[in-house]
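Everything below concerns the one structure shown next.
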Amino acid sequence: MGVGDAFRRPPAFGVNAMYKLDFAVLADYWPALLAGLEMTVKVSVLSICLGTLMGVAGALAKTSRFRALRALAFTYVEWIRNTPLLIQILFIYFGLGVFFSLSPLVASVFALSFFSGAYITEIIRAGIQSIHRGQREAAFSLGMTDGQAMFLVVLPQAIRRILPPLAGQFITLIKDSSLISVIAVSDLTYVAKNIVTTTFRAFEVWLAIAVFYFVLSFALSWSVRSLEHRLAQSD
Amino acid sequence: MIEIQDVRKRFGRHEVLKGVSLSVAKGEVFVILGPSGSGKSTLLRSINGLETIEGGSIVVDGVRVHDSRETLHQVRQLTGMVFQQFNLFPHRTVLQNIAMAPIHVQKKPRAEAEEIARTLLGKVGLPDKANAYPSRLSGGQQQRVAIARALAMSPKVMLFDEPTSALDPELIKEVLDVMKDLAKEGMTMIVVTHEIGFAKEVADTVVFIDDGIKIEEAAADRFFTTPTHERTQLFLSKILL
Amino acid sequence: MSWIRKVTAACLMAFVVTVVLGGFAAQAQDKGVEGIKKRGKLVVGTASGYYPFEMVDKKNELVGFDVDVAKAIAKEMGVQVEFQNYAFSGLVPALQANKIDVVIAGMTITDKRKEVVDFSDTYFVSGQALLVHKSVPNVKKPEDLDKKEYTIAVSMGTTADQTATRIFKNATVKKFEGSALAGLELISGKAQAVVHETPWVAIYNRMNPQVTYPVLEPFTTENLGIAVPKGNPDLVAWLNTFLKKYKDGGDYKKAYAYWFVDMPWWDAVPPKK
Numbered sequence: 013m014g015v016g017d018a019f020r021r022p023p024a025f026g027v028n029a030m031y032k033l034d035f036a037v038l039a040d041y042w043p044a045l046l047a048g049l050e051m052t053v054k055v056s057v058l059s060i061c062l063g064t065l066m067g068v069a070g071a072l073a074k075t076s077r078f079r080a081l082r083a084l085a086f087t088y089v090e091w092i093r094n095t096p097l098l099i100q101i102l103f104i105y106f107g108l109g110v111f112f113s114l115s116p117l118v119a120s121v122f123a124l125s126f127f128s129g130a131y132i133t134e135i136i137r138a139g140i141q142s143i144h145r146g147q148r149e150a151a152f153s154l155g156m157t158d159g160q161a162m163f164l165v166v167l168p169q170a171i172r173r174i175l176p177p178l179a180g181q182f183i184t185l186i187k188d189s190s191l192i193s194v195i196a197v198s199d200l201t202y203v204a205k206n207i208v209t210t211t212f213r214a215f216e217v218w219l220a221i222a223v224f225y226f227v228l229s230f231a232l233s234w235s236v237r238s239l240e241h242r243l244a245q246s247d
Numbered sequence: 042m043i044e045i046q047d048v049r050k051r052f053g054r055h056e057v058l059k060g061v062s063l064s065v066a067k068g069e070v071f072v073i074l075g076p077s078g079s080g081k082s083t084l085l086r087s088i089n090g091l092e093t094i095e096g097g098s099i100v101v102d103g104v105r106v107h108d109s110r111e112t113l114h115q116v117r118q119l120t121g122m123v124f125q126q127f128n129l130f131p132h133r134t135v136l137q138n139i140a141m142a143p144i145h146v147q148k149k150p151r152a153e154a155e156e157i158a159r160t161l162l163g164k165v166g167l168p169d170k171a172n173a174y175p176s177r178l179s180g181g182q183q184q185r186v187a188i189a190r191a192l193a194m195s196p197k198v199m200l201f202d203e204p205t206s207a208l209d210p211e212l213i214k215e216v217l218d219v220m221k222d223l224a225k226e227g228m229t230m231i232v233v234t235h236e237i238g239f240a241k242e243v244a245d246t247v248v249f250i251d252d253g254i255k256i257e258e259a260a261a262d263r264f265f266t267t268p269t270h271e272r273t274q275l276f277l278s279k280i281l282l
Numbered sequence: 052m053s054w055i056r057k058v059t060a061a062c063l064m065a066f067v068v069t070v071v072l073g074g075f076a077a078q079a080q081d082k083g084v085e086g087i088k089k090r091g092k093l094v095v096g097t098a099s100g101y102y103p104f105e106m107v108d109k110k111n112e113l114v115g116f117d118v119d120v121a122k123a124i125a126k127e128m129g130v131q132v133e134f135q136n137y138a139f140s141g142l143v144p145a146l147q148a149n150k151i152d153v154v155i156a157g158m159t160i161t162d163k164r165k166e167v168v169d170f171s172d173t174y175f176v177s178g179q180a181l182l183v184h185k186s187v188p189n190v191k192k193p194e195d196l197d198k199k200e201y202t203i204a205v206s207m208g209t210t211a212d213q214t215a216t217r218i219f220k221n222a223t224v225k226k227f228e229g230s231a232l233a234g235l236e237l238i239s240g241k242a243q244a245v246v247h248e249t250p251w252v253a254i255y256n257r258m259n260p261q262v263t264y265p266v267l268e269p270f271t272t273e274n275l276g277i278a279v280p281k282g283n284p285d286l287v288a289w290l291n292t293f294l295k296k297y298k299d300g301g302d303y304k305k306a307y308a309y310w311f312v313d314m315p316w317w318d319a320v321p322p323k324k
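For the protein sequence lines, the chains are H, D and W, in the order given. Numbering of the first sequence is given in this note's numbering, commencing with residue 13 and proceeding in unit increments. Numbering of the second sequence is given in this note's numbering, commencing with residue 42 and proceeding in unit increments. Numbering of the third sequence is given in this note's numbering, commencing with residue 52 and proceeding in unit increments.
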């Protein structure tokens, strides 16, 4: 037991000199990784679209004249925001799965759409309420109905204002979609876990996966930013 | 044309209108004066139902404003309103702003609506601004567009809620000129304003409202030369130079 | 503005100093038996849910055959035992990152695993078996399930996972984090069978007899061992000596009878739904 031993044994907080990097494992599993990426993109896009629809419906319900609609939307939003997404996914797939037969893919899209729908509801609602009251009054004074005032005057302006937080929510969705791997949907994270448990190349694989998600999120935020610029030309 | 009977309105516990009655005849230019907080804007906004009322009634061209959603909708097509803050739609061009209501509310075809819009733009003196966005216009120009937008619906009554109060002084005249032309053409107008010069020149009737009560109502020339009520005299002494 | 910069710089400095000092302190720490004895505790990584090796009883305590082995090892070393529960697939990475001292989790000794960790001698021999949904009757061997419309559920990263992936060419193999979720997939009828080791299959079937039936004849041989980070030959040697003593002694027979044969613990462990 001499000083020399300290160099042979790795220090406890984690620098492991015996782990040799081997990025070739990524090349071996490239097709599987691409398939996982495709699944993640598919699920994310579907959930973003459905979630946005739910968000618009929710925001309209929350700002509507009818108390029943407002209460319904409130319950929906609070329920989703105060439970973890993982629990929601497990509940929909395994819990509700006791009554209806849901495929993991359908359950995932449902769960992710419901989830993002609640947050998008709040974003759009805040956007609607940030539009100056005078806009609605001008619309009404011209004889427009509630619906016309909302869809012709208020919503178009609100959408432009909420593009940054909306983009943020979309990016969150892409990242949160990794949770569907627990119900064995073959998304990027599931494929990665599979590779890691087979090859034990935790560092290389997870680094690559992080890069994949980064590229996806960045691409999305970049396109939203250019959309913002295009719409800003009317300002 | 417009009958306002004993209208009462409260915001929370504060009673803003305490039983105001007046009537406006067709073609009349009716000016409402009063200090801030007097309820004059609230009164104006009750006419096209932007404010609800707790008591009394308002009838426009035979339609009771606050009866139902249908009557409200009807009245809003009979009246046009011009706001202190212009309230143009920033996401649409000037032309689209003016044509929007005729297209969606009156269901006119786009070409016809745009024709009307261009004519009105010419009338308010802005024929070359059709494709500009509101943010590119000065305050006075925006307000003139707002007037054109309200006129596009061919209203029978035009309501003006302090139309020049938010304008820089040098831009006020161009808006008042448009309003004067409108009055000359025989439009029924109800104007809440601080522009005494305009009132003296164009108004048929002037009413002074303070603290939710109609203090004095008189034909314009008599109002300004011999106001009878003490509060009216006090008010006029403060604002007339 | 400059005070923000100063605070940030101070924080960064503190962070760097802590990390470097921590590194030096850690370098002074030893691994192996000496290190464990010095720290006074044995950190055992396990994956609760593999009946009856490690599971959670109604008092929320970890119990099972592996738990008894771990406790005996700690007692012999004269240290406390601390259990850290991971998803099975996270155990080897945790060992590689030196977060735990050993893994005792019904882990099979495989060549692939031996590339990255070391194993003690075998302390238990088991084999893969099948738990089948009653909607698919008369299954006698895995080949009976190898049809395109069937789904086989497994726990990700286990030898069951690797075996199933290897032998099922037509059926779909779905991998879940932990045998509990795989079992759930089976109970709900979405999977037609689960591949797992015989003790687990027997017990899980006993918990859910209405929908499943077991095919207990093992079709592989699984040598279970204790996993240890590479570079600890003294720990491996110590464990092997201990295991020999343990297996020859009466404790092993007692534990085996308790956990696998008589099963008096049955009512104290809530069934996994």
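Heads up, the beta-carbon is just placed ideally off N, CA and C, and yes, glycines get one too.
Chain order gives the chain W residues near valine 194 of chain H as Phe227, Glu228, Leu232, where near means a beta carbon separation below 8 Å. Ranked by how close their Cα comes to the Cα of aspartate 188 of chain H, the residues H:Leu98, H:Leu154, H:Asn206 have H:Leu98 in first place.
Annotated three-state conformation of methionine 51 of chain H is helix, per DSSP.
Beyond the five residues adjoining it in sequence on each side, isoleucine 99 of chain D comes within less than 8 Å, by CB distance, of Ile43, Glu44, Ile45, Gln46, Val48, Ser87, Ile88, Arg105, Val106, His107 in the same chain, given in chain order.
Contact of valine 154 of chain W with chain H by beta-carbon distance below 7 Å is absent, the smallest such distance being about 13 Å.
Within 9 Å of the CB of threonine 52 of chain H, no CB atom of chain W is found; the nearest one sits about 17 Å away. CA-CA distance, leucine 239 of chain H to alanine 138 of chain H, rounds to 20 Å.
Taking a C-beta cut-off of 7 Å against chain H, the contacting residues of the segment 177 to 211 of chain W are Met207, Gly208, listed in chain order. Of all residues in the segment 235 to 267 of chain W, only Leu235, Ser239 come within less than 7 Å of chain H when Cβ atoms are compared, listed by chain position.
Under the Cβ criterion of 8 Å, glutamine 160 of chain H is counted among the residues facing chain D.
When DSSP assignments are scanned along the segment 193 to 278 of chain D, the uninterrupted stretches of alpha helix (DSSP H) that are 4 or more residues long and fall wholly within it turn out to be 210 to 225, 237 to 243, 261 to 266. Within the segment 74 to 97 of chain H, no residue has its Cβ closer than 7 Å to any Cβ of chain W. Counting C-beta atoms within 10 angstroms of its own C-beta, aspartate 199 of chain H has 16 or more neighbours from the protein chains shown and is therefore classed as buried. Proline 284 of chain W is outside the set of residues whose beta carbon lies under 8 Å from a beta carbon in chain H. Across the structure, leucine 119 of chain D and glycine 90 of chain D are spaced so that their CA atoms are roughly 12 Å apart.
The C-beta distance from serine 120 of chain H to valine 197 of chain H rounds to 5 Å, short enough to fall under 8 Å. The C-beta of asparagine 172 of chain D comes no closer than 8 Å to any C-beta of chain H. Secondary structure in the segment 252 to 282 of chain W: the beta strand (DSSP E) runs of 3 residues or longer, each lying completely within the stretch, are 263 to 266, 273 to 275, 278 to 280 in chain order. Within the segment 42 to 102 of chain H, no run of beta strand (DSSP E) at least 3 residues long lies entirely inside it.
The way I'd put it, the segment 214 to 226 of chain W doesn't touch the segment 156 to 174 of chain W; fewer than three beta-carbon pairs between them come closer than 8 Å. Think of a sphere of 7 Å around the beta carbon of alanine 142 of chain D: the chain H residues whose beta carbon falls inside it are Leu154, Gly155, Met156, in chain order. In the DSSP assignment, isoleucine 186 of chain H falls within the alpha helix (DSSP H) that extends over 167 to 188.
For glycine 115 of chain W, the secondary structure class from DSSP, reduced to helix, strand or coil, is coil. An exposed status is given to serine 186 of chain W, since fewer than 16 other beta-carbon atoms sit within 10 Å of its beta-carbon. Taking the Cβ atoms as the reference, isoleucine 160 of chain W lies roughly 5 Å from asparagine 274 of chain W, within the contact range of under 8 Å.
About 6 Å separates the beta carbons of aspartate 202 of chain D and serine 82 of chain D, which is inside the 8 Å limit, making them a contact pair. Neighbours of glycine 146 of chain H across chain D, judged by C-beta separation under 7 Å: Phe124, Gln126, Asn128.
With a threshold of 8 Å between beta carbons, proline 168 of chain D makes no contact with chain H. Ranked by Cα distance from lysine 74 of chain H, the options H:Ile140, H:Arg148, H:Phe182, H:Val236 are led by H:Ile140.
Look at the segment 105 to 118 of chain H: the residues with a C-beta under 7 Å from a C-beta of chain W are Phe106, Gly109, Val110. Annotation: arginine 177 of chain D to glutamate 149 of chain H spans about 22 Å, alpha carbon to alpha carbon. The beta carbon of glutamate 133 of chain W lies closer than 8 Å to those of Lys92, Leu93, Val94, Val95 in the same chain, with the five residues before and after it left out. Under the 8 Å criterion on CB atoms, threonine 209 of chain H is classed as interfacial with respect to chain W.
If you look at arginine 90 of chain W, you'll find it in the alpha helix (DSSP H) that goes 83 to 90. Here valine 168 of chain W is buried. Its C-beta has 16 or more other C-beta atoms within 10 Å. Distance check between arginine 185 of chain D and each of D:Leu223, D:Glu153, D:Val198, D:Lys148 places D:Leu223 closest, using alpha-carbon atoms only.
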